[in-house]
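Those protein sequence lines, which keep their order, are chains Z and Y.
Last residue of the first sequence: number 218 in our numbering, and the count goes up by one each step with no gaps.
Last residue of the second sequence: number 218 in our numbering, and the count goes up by one each step with no gaps.
All residues carry an ideal CB built from backbone N, CA and C; glycine is no exception.
Below is one structure; the comments refer to it alone.
2 protein chains.
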Amino acid sequence: MGRLYIALLHHPVLDREGRVITSAVTNADIHDIARSAKTYGVKRFFIVTPIADQADLVRAIIGHWTSGAGGALNPSRREALEALEVAGSLEEVLEAIAREESGPVRTVVTGARLGGSCVSHGQLREILENGNGPTLFIFGTGWGLAGEIIESSRYRLEPIYGTGTYNHLSVRSAVAITLDRVVGRKDSRVRK
Amino acid sequence: MGRLYIALLHHPVLDREGRVITSAVTNADIHDIARSAKTYGVKRFFIVTPIADQADLVRAIIGHWTSGAGGALNPSRREALEALEVAGSLEEVLEAIAREESGPVRTVVTGARLGGSCVSHGQLREILENGNGPTLFIFGTGWGLAGEIIESSRYRLEPIYGTGTYNHLSVRSAVAITLDRVVGRKDSRVRK
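Encoded structure:
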């Protein structure tokens, strides 16, 4: 399996009416997703926002927890936030990955309402296990990724369902479950 | 499988030095865990705090999103928060469950640092599939559940590991992954 990357997009995403907006960065997203990424061996987690003030805010949070007072107090949080980076757009993320990797980037969009030709979590696990190039998981905030992001991606991952039809997880929970299903230990669901 | 319940304890839990404390209720915990609970068919999610002001705060949040303005604006959040309840202690939670259920409650403690005789997620799935009484998952905030809670529980669930040794997930992510592993669809990890 090649290296894994995550991008959390704050633009272009949808609002509840389906309009393209830029959403605000959320502190809980930064910490929760950084910790899940570290748990599942993700190489880098990009927070994507085109708003300079928001990008500065994220950099200040990273600084506090990596080189600042927070890191000394809480080493496990420092470890998680060391893999965090800010980017202005998905293109910038792809350029950053291309600088470190030789092959093409396998892009995977996620979303609670994705339709069309989706791969299941099990199928994606197989694709990753049988390949060795880098993979970028793209998650949206607000009411999900804009159509242009979905259409430009190599794979669409099927929405997460639990036991029924309700699928309104937070993006933090969706990232955790997605990573566990696609790259988690295979035996975690069966008797050992 | 019998009905499922979740309790999120704010007391007695540990601080970073291992002292027993009462932690503050977090808004992201309420919403994220309520949405995960609804996704995986959990009957009720109890926020447990002995502090009356904190309990009132949670009730105000529930009111806003169920009967107030928030519920009209965001029906999926209303659906999730309708299963939320406040309790003053774990004993109160067990009493509330006993009023609705006939058999004994199967208690399951969780934690990133649990040792001793733990059941795996796969083993717990089997136990639940072969039984029909109610099951209560107990999650801690702060630096984890106090020893008295762990010792009084019927089962200890093994800590969640991803691909390495880092296991510092947020409790919100841990609840999501636990539910997906123990009660999620079996085929979500294998090719369909």
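Report the option in the options whose CA atom is closest to the CA atom of residue i.
i	options	result
residue 177(Y)	135(Y), 165(Y), 200(Y), 193(Y)	135(Y)
residue 118(Y)	75(Y), 83(Y), 158(Y), 84(Y)	75(Y)
residue 145(Z)	185(Z), 175(Z), 169(Z)	185(Z)
residue 128(Y)	37(Y), 160(Y), 53(Y)	160(Y)
residue 48(Y)	125(Y), 34(Y), 61(Y)	34(Y)
residue 115(Y)	30(Y), 39(Y), 213(Y)	39(Y)
residue 99(Y)	37(Z), 41(Z), 191(Z)	41(Z)
residue 173(Z)	68(Z), 69(Z), 188(Z), 141(Z)	141(Z)
residue 255(Z)	191(Z), 96(Z), 95(Z), 111(Z)	Residue 255(Z) is absent from the model: chain Z starts at 27 and stops at 218.
Is the beta carbon of residue i sitting closer than 8 Å to the one on residue j?
i	j	result
residue 71(Z)	residue 59(Z)	yes
residue 123(Z)	residue 162(Z)	yes
residue 84(Z)	residue 51(Z)	yes
residue 194(Y)	residue 138(Y)	yes
residue 56(Y)	residue 73(Y)	yes
residue 205(Z)	residue 62(Z)	yes
residue 54(Y)	residue 54(Z)	yes
residue 30(Y)	residue 69(Y)	yes
Residues in the same chain with beta-carbon distance under 6 Å from residue i, minus the five sequence neighbours each way, listed in chain order, please.
i	result
residue 147(Y)	207, 208
residue 92(Y)	104, 107, 108
residue 151(Z)	208
residue 199(Z)	none
residue 37(Y)	48, 76
residue 214(Y)	none
residue 96(Y)	90
residue 218(Y)	Low per-residue confidence applies at residue 218(Y): pLDDT is 40, beneath 50, and the placement is therefore not dependable enough to give any value.
Under the three-state reduction of DSSP, which class applies to residue i: helix, strand or coil?
i	result
residue 51(Z)	coil
residue 172(Y)	coil
residue 105(Y)	helix
residue 186(Z)	coil
residue 161(Z)	strand
residue 127(Y)	coil
residue 43(Z)	coil
residue 167(Y)	coil
residue 68(Z)	coil
residue 35(Z)	strand
residue 138(Y)	coil
residue 92(Y)	helix
residue 204(Z)	helix
residue 30(Y)	strand
residue 110(Y)	strand
residue 132(Y)	strand
residue 77(Z)	coil
residue 218(Z)	Unreliable placement is indicated for residue 218(Z), whose pLDDT of 41 sits below 50; the coordinate value is still reported in the next sentence. Note: residue 218(Z) maps to coil in three-state DSSP.
Assuming residue i contacts residue j (C-beta within less than 8 Å), just tell me the rounded distance between them.
i	j	result
residue 167(Z)	residue 197(Z)	6 Å
residue 202(Y)	residue 203(Z)	5 Å
residue 179(Y)	residue 133(Y)	4 Å
Output needed for residue i: all residues of its chain with C-beta closer than 8 Å, excluding positions within five of it in sequence on either side, in chain order.
i	result
residue 44(Y)	169
residue 210(Y)	66
residue 143(Z)	182
residue 188(Y)	none
residue 80(Z)	36, 50, 51
residue 175(Y)	35, 38, 116, 135, 164, 166
residue 149(Z)	none
Short of 7 Å in beta carbon distance, which residues of its chain neighbour residue i, apart from the five on each side in sequence? Order them along the chain.
i	result
residue 28(Y)	157, 158, 159, 160, 161
residue 120(Y)	131
Interface residues of chain A around residue i at Cβ under 7 Å?
i	result
residue 47(Z)	Among the protein chains in the structure shown, which are Z and Y, there is no chain A.
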